[in-house]
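*Asks:* Sequential numbering from 642 applies to the sequence shown in my numbering.
Handing you this structure, nothing more for now.
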Amino acid sequence: MVNKDGKVRKKGWKSYRQGYAGDAKTLTRFTEPPEVKGVGFLSLSRPAGQNDDQWLYLPSMKRERRIATQDRDASFVGTDFNYEDMEEFDHEKYKVAMQGEQTVDGQLCYVITAIPLESGGKSVYEKKVLYLRKDILYLLREDLFRKGDKQPSKIFTLSDLQNVEGHWVAKKWEMSDLKKGSKTTVILKEITFDKPQPAGRFTLQNLNREGGD
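In structure tokens form, the structure reads like this:
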């Protein structure tokens, strides 16, 4: 994370994911630095009409805290991602429309607007503009507009695309908060696909297990 004054902070984590969109489950466990080691985050997707269920485990409290609807715009563990940004994108919760084509980083992309449906659950954003790489249908950029924004408040970019085990993966993610002047860059160092998940991994019991994966 780099703030507007150029101060840099680094954090590391492991993340596990199962399912897709409205059926996705994600568990994230921070590994460094010492002040956040052991902090855990569990997100369980819900179908259209419901916000995802999310909990944050803090070792200092020895228990989880549920992320309330009004906290969806709060910073995710000091980063430029908020809790809504940590959700899987589910197109069934949006009114989507093709707006044309545009080149991003030398790649021709479909430009798609996604407006949250009132029946899709509460959203921090009024609109999202997605730039989907045309040849492999992979997201390269997301412009995020809060209510009243004429220009995006935040821009999420994905780059350094590599084919890992037959899957296209962006190994570099960058969330820029244009109003704060800060930026969070995520570098994926190690990726594995199609690895069976142990029973109980995506549960509150496991989230609360000290040092649990």
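Virtual Cβ for every residue (Gly too), placed ideally from N, Cα, C.
Remember, it's a predicted structure, so these values are computed and weren't measured experimentally.
1) State the Cα-Cα distance for the pair Pro839 and Ser794, rounded to the nearest angstrom.
2) Roughly how far, in whole angstroms, is the beta-carbon of Leu785 from the beta-carbon of Arg774, given that I think they are within contact range, below 8 Å?
3) For Ile708, is the classification buried or exposed, using 16 other Cβ atoms within 10 angstroms of its Cβ as the cut-off for buried?
4) With DSSP collapsed to three states, give me the class of Gly822.
5) Tell me where the beta strand (DSSP E) around Leu685 begins and ends.
6) For the segment 730–773, which segments carrying the beta strand (DSSP E) assignment without a break, of at least 3 residues, lie completely within its bounds, in sequence order?
7) Report, in whole angstroms, the separation of the C-beta atoms of Leu771 and Glu783, which I expect to be a contact under 8 Å.
8) Determine the extent of the alpha helix (DSSP H) in which Leu845 is found, giving its start and end residues.
9) Could you compute how far the alpha carbon of Gly681 sits from the alpha carbon of Asp790?
10) Please name the residue in Asp835, Val643, Leu778, Leu699 whose C-alpha comes closest to that of Thr672.
11) Is Lys836 closer than 8 Å to Val643 when the C-beta atoms are compared?
12) Measure the Cβ-Cβ separation of Tyr735 and Pro757 and say whether it is below 8 Å.
13) Measuring only the C-alpha atoms, how far is Ile832 from Trp654?
14) Rounded to whole angstroms, how far is the Cβ of Ala662 from the Cβ of Ser686, which I believe are closer than 8 Å?
15) Taking the alpha carbon of Glu815 as the point to measure from, which residue in Lys821, Thr798, Asn804 has its own alpha carbon closest?
16) Run through DSSP, which three-state label would Met816 get?
*Replies:* The structure says:
1) Cα to Cα, the separation comes out at about 39 Å.
2) The beta-carbon distance between Leu785 and Arg774, rounded to whole angstroms, is 19 Å. This is too long to meet the 8 Å contact definition.
3) Burial is judged here by how many other beta carbons sit within 10 angstroms of a residue's own beta carbon; Ile708 has at least 16 and is buried.
4) Reduced to three states, the DSSP call for Gly822 is coil.
5) It spans 681–685 - the beta strand (DSSP E) in which Leu685 sits, taken as one unbroken run.
6) When DSSP assignments are scanned along the segment 730–773, the uninterrupted stretches of beta strand (DSSP E) that are 3 or more residues long and fall wholly within it turn out to be 735–745, 748–757.
7) Taking 8 Å as the upper bound for CB-CB distance, Leu771 and Glu783 are in contact here, some 6 Å apart.
8) Here the alpha helix (DSSP H) through Leu845 covers 845–848.
9) Approximately 32 Å between the Cα atoms of the pair.
10) It is Leu699 whose Cα lies nearest to the Cα of Thr672.
11) At least 8 Å separates the beta-carbon of Val643 from that of Lys836.
12) With respect to the 8 Å criterion, Tyr735 and Pro757 are classified as neighbours on the basis of their beta carbons.
13) Separation of Ile832 and Trp654 (C-alpha to C-alpha, rounded to the nearest whole angstrom) is 12 Å.
14) Confirmed, about 7 Å.
15) Considering only alpha carbons, the answer is Thr798.
16) In this structure, Met816 counts as strand in the three-state DSSP scheme.
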